[in-house]
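In order, the protein sequence lines correspond to chains A and B.
If you read the first sequence in my numbering, its first letter stands for residue 1, the second for the next number, and so on.
If you read the second sequence in my numbering, its first letter stands for residue 1001, the second for the next number, and so on.
Each residue gets a CB set at the ideal place from its N, CA and C atoms; glycine is no exception.
Notes for the one structure printed next.
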Amino acid sequence: MSFLKRAVLYCFRQRLKTAILFLVLTLIAAFLLTSLAIRDGVRKSTAQVQTAIGGKIELNLDTEGHMGGGEQNQWGTAYYYTGDLITQDIVDAIKKVDGVVDYNSEGTGSYYGAGVDFKYLPAAFDLSYTPYGESSSYTATLSSEKCAHFQRGEYKLVDGRHIQPEDSHTCLISKELADYNHLSVGDQIQMYSLDAEDITSFEIVGIFDGTKGTEGNALTVDEIPANCGYIDYATLFELFQDKIDGYDQLTIFVEDPVNIQNVYDRIAALPELKDKTLKLDINTETYDVVSSPLESLEKLIHTTILFISLVGVAVLTLLLTIWIRGRKREIGILLSIGKNKANILFQIFTETLAVTILSFTSSIPLSYLTAEKAGTFFLSKAAAANAGFHVEVQASYLAPFYLIGILLIAISVLASSWTVVCQKPNDILMKMD
Amino acid sequence: MCIIKVCNVTYSYDGTRTVLRNISAEFEAGNMYAILGPSGCGKTTLLSLLGGLDSPTQGQVIFQGEDIMKQGLAYHRKRHVSFIFQSYNLIDYMTPAENVALTSSLPPLPVLESLGLTKEEAKRNVKKLSGGQQQRVAIARSLACDAKVILADEPTGNLDEDTASSIITILKSCAHEKKKCVIVVTHSNDLAKQADVILRLKKGELKPI
Ligand SMILES: Nc1ncnc2c1ncn2[C@@H]1O[C@H](COP(=O)(O)OP(=O)(O)OP(=O)(O)O)[C@@H](O)[C@H]1O
Ligand SMILES: [Mg+2]
C-alpha cells in the first residue's frame, strides 16, 4: 500500500482530527490573507496620499540680521525687514523648474480690514482705531485651496470657489461671519484699511466652514478665527504698490515627494535666488501628518503577519506533536514491515498537505468577507485623509501564500515527527508491549 | 537448508547490560522453531535481531548467505521477514483487509478467509475484532507479504487455550505447507511441544532441548 493511500485512509477515518486541523488552518490562513489584504490597502492608500499631497518646499525670508536699525513711530520702535523679497521674477523662475507642479503664497495677517458695511463677531474689547470700527486680519494668498488650514482639512469650502492666482478684489469669509451679516457668495463687501487709508471692495467668492464657533475668550476680534478670512494677492499689491513688491513666503508643490531633494537642489541652484536673503526648506509636515498613521499601521500589520505565522507554525507543530505521539505504534508497525523513514514522513506530510490545501482554498472566500469588514474598520480608525482606503484579497498573493504555507507545514511536520521516526524501530515497539 | 542464522551474536543494551552472549544458531525453511526461556532472558531481543529491528553489538545475522546489514535493515524487514506480535500490532484506522494490503498487492480477502475470517469481518474496523481474530489478521499480513521467515513473539500470549492452539496450528501449517521458517517465542510448554525444534534461551545462551 502506498503512502498516498495510507494518507487518504487516515484523513477519512480520523475525521475529528482532520476537522480540527482543517478549522485551525482555515482560521490562520484567513487571518493571514486578511492581513495581507490590509497591508496592500494601506500601501496603496499611502501611495495615493503621496501623490495627492505631494511634497512641499518652502521659500521664506531670512529675517536674521536683516531687520534694520528700528524706526520710531507712535507705537514705539518698529523694525522692518531690509532684505530681499520673493519677487515675481523668482516665482516665474521657480514655476519653470522641473518637478514643480504648483506654488502658493500665504501671507498670514497681510491685510487688516474694518468692516464698512458689515460687522465682525464681537470680542471682549472693542478696539476701534478706525472710523469703521475694529479690524480683523486677512491672509493674502494666490490659491486659498493650498493654504495650510485647507490642506490639513481643518477648513472646508462650503459654498462658492477658492481664490485663484488671477483673482483680484476677491475674498473668502467664514460661514459664521457670513451668517452673522446675512452675506452670501457673490455679495460685495467693503473694508477700510488703516495702513492703506483706503476703502476697498471685495467680492465674496467663497464661504468656508471649520472655524469652530464664535464663542471663546478672544480679547480682540481678530482672535476669533471666524472673523479672519482670505483675500487675493493682487489686491494687496494694488493697495500697497509702493511698499510691497514681493511675497514674503512661497510654498512650492512638488509632484513626487520621494524625489523632493532633487527638485530642492534645482531650485536652490537658480540664478534668481543667488545671494538673496531667502531661505529654502523642505517641508514634510502635512505629508507626515497624513502618512505617518498609515506607516505605523503598516508596521503593525507586518508584526501581526509575522506573529500569526509564528503562532500558526507553533500551534500546528504542537498539535501534530501530540497526535504523532499517539501514532507511535502505527509508526513502529510501519517500520517493522519495512517502510522507511521517508515513506512514513511523506504519509504524514501528505495528510497535512491535503487538509492544508483544502483549508487555504476555503479561507479565500472567508478572507474576502473579513477583508471587507477590516477595511471599513481601519478606514474609520486611521482617517486615511482624502485618499481612499480599499482592502481587497488579491489573486497575486495566492501563489506565494500557498508556497510559503506549504513550506511552513513541511517544517511543522518534520519538527513534530522527526524524533519519533528517527527512533530505532525496536525502541518504539519494545516500549509499546 | 539453512535460511537464516545468527553467528557469534552478542547484544548488550547501553553497552553494559549484556543480554545475549556469543550466540550461534541456524534456522531452516519448512520448520517451526519454539524458543523457550524465563522472562527477561532476551527472547524478544533475539527476535528483533533476526528481524532487523536492531543490529547486534557483535556478530552477524545472515540471511541466505548474506549479512543483512549489507542491503540495509529496512530492506531485510520488507523482503525477508515478517513479525507477529503478542499485541497484534494492527493499524487501528484500517480494516483487516487494508492491514493485509499494507504488505502485499495481492487481494487480501482469500488469505483472510483461509484463516477463518468472514467477508464482513474483513471489512470491519480492526478494533471491533476479538483478540484471536486480530491475531489471525496479523498472521494474514505476514503470509501475504511473501517473507520467508515469520518471527512470532508470544503470539498467543493474550489468547485463551483453544484459540491459542488454533493459532499455533495455523503457524505450523505455514511452516510445513508454505515452507516458511517460523520462529515462535512462547512461555507455554504445551505449545512448544508442537514445534519441530525447541530451543531454550538461558543466561545468554541458546541450547536445543
Ligand atoms: N530498551 C532496553 N533498554 C535496556 N534494557 C532492555 C531494553 N529492552 C529490554 N531490556 C532488558 O534486556 C533483557 C532482555 O529483554 P527481552 O525483552 O529480550 O526479554 P524476554 O526474554 O523477551 O522477556 P519476556 O519473556 O518477559 O518477554 C531484560 O533484562 C530487559 O530488562
Ligand atoms: Mg519478550
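**OP:** Kindly indicate which residue of I28(A), I20(A), F12(A) and L280(A) has the alpha-carbon position closest to the one of S309(A).
**Re:** I28(A)
Original post:
Nearest to G405(A) by CA position, among A268(A), L25(A), Y233(A) and I260(A), is which residue?
Top reply: L25(A)
**OP:** Quick one: using the 10 Å Cβ neighbour count with 16 as the cut-off for buried, is A78(A) buried or exposed?
**Re:** exposed
Original post:
Using a Cβ cut-off of 9 Å, which residues of the segment 287 to 306 of chain A contact any Cβ in chain B, in chain order?
Top reply: none
Original post:
Is the beta carbon of G1049(B) sitting closer than 8 Å to the one on Y1011(B)?
Top reply: Note that residue 1049(B) is Leu in the sequence shown here, rather than Gly. Yes, these two residues count as a Cβ contact at 8 Å.
Original post:
Under 8 Å between the Cβ atoms of L236(A) and G206(A)?
Top reply: no
**OP:** Identify whether R327(A) lies in helix, strand or coil by the three-state DSSP scheme.
**Re:** coil
Subject >> C-alpha distance - Q88(A) paired with S396(A), whole-angstrom precision >> reply: 51 Å
Original post:
When the distance is taken between beta carbons, is V1061(B) closer than 8 Å to V1009(B)?
Top reply: yes
Original post:
Would you say Q1017(B) touches ligand 1, meaning its beta carbon is less than 7 Å from a heavy atom?
Top reply: Reading off the sequence, residue 1017(B) comes out as Arg, not Gln. Indeed, a heavy atom of ligand 1 lies less than 7 Å from the Cβ.
Original post:
With contact counted as at least three CB pairs below 8 Å, one residue from each stretch, are the segment 185 to 193 of chain A and the segment 94 to 113 of chain A in contact?
Top reply: yes
Original post:
Sorted by chain position, which residues of the same chain lie with C-beta nearer than 8 Å to R266(A)'s C-beta, five sequence neighbours on each side aside?
Top reply: V97, D98 and G99
Original post:
Which stretch, first to last residue, makes up the alpha helix (DSSP H) that contains Q1134(B)?
Top reply: G1131 to A1144
Original post:
Quick one, are the C-beta atoms of L414(A) and V313(A) less than 8 Å apart?
Top reply: no
Original post:
Taking contact to mean at least 3 C-beta pairs separated by less than 8 Å, is the segment 129 to 138 of chain A in contact with the segment 216 to 231 of chain A?
Top reply: yes
Original post:
Is L9(A) close to chain B, meaning its C-beta is less than 8 Å from at least one C-beta of that chain?
Top reply: yes
**OP:** Classify N1089(B) as buried or exposed, calling it buried when 16 or more other Cβ atoms lie within 10 Å of its own Cβ.
**Re:** buried
**OP:** Note the first and the last residue of the continuous alpha helix (DSSP H) segment covering K5(A).
**Re:** F3 to R13
Subject >> For Q241(A) and T130(A), the rounded distance between their alpha carbons >> reply: 22 Å
Subject >> Residue burial classification, Y233(A) (beta-carbon count within 10 angstroms, cutoff 16) >> reply: buried
Original post:
Does any heavy atom of ligand 1 sit closer than 7 Å to the C-beta of G1042(B)?
Top reply: yes
Original post:
Using a C-beta to C-beta distance shorter than 7 Å, which residues of chain B count as neighbours of L429(A)?
Top reply: L1053
Original post:
Taking C-alpha atoms, which residue in K243(A), I348(A) and V263(A) lies nearest to Y81(A)?
Top reply: K243(A)
Original post:
In chain order, which continuous runs of the beta strand (DSSP E) of length 3 or greater are located wholly inside the segment 45 to 121 of chain A?
Top reply: 55 to 61, 71 to 73, 76 to 78, 100 to 104 and 106 to 115
Subject >> Counterpart residues of D281(A) in DSSP-defined beta bridges >> reply: E58(A)
**OP:** Going by DSSP, name the residue or residues bridged to K1202(B).
**Re:** E1205(B)
**OP:** Alpha carbon to alpha carbon, how far is T46(A) from L294(A)? Give it in angstroms, no decimals.
**Re:** 7 Å
Subject >> Residues of its chain near H1176(B), where Cβ-Cβ distance is below 8 Å and the 5 sequence neighbours each way are ignored >> reply: G1030 and M1032
**OP:** Determine whether the Cβ of N1089(B) lies closer than 8 Å to any Cβ atom of chain A.
**Re:** yes
Subject >> Whole-angstrom distance between E145(A) and A30(A), CA atom to CA atom >> reply: 43 Å
**OP:** Name, please, each residue of chain B whose Cβ falls closer than 7 Å to the Cβ of I333(A).
**Re:** N1089 and I1091
Subject >> Cα-Cα separation between L1171(B) and V1182(B), rounded to whole angstroms >> reply: 7 Å
Original post:
Can you name the residues of chain B whose CB is closer than 7 Å to the CB of P365(A)?
Top reply: Within 7 Å Cβ-Cβ: nothing; P365(A) doesn't reach chain B, min ~31 Å.
Original post:
By DSSP, does E1113(B) sit in helix, in strand, or in coil?
Top reply: helix
Subject >> Cutoff 8 Å: F1063(B) Cβ touching any chain A Cβ >> reply: no
Original post:
Roughly how many angstroms separate the alpha carbons of D1160(B) and A1152(B), rounded to a whole number?
Top reply: 17 Å
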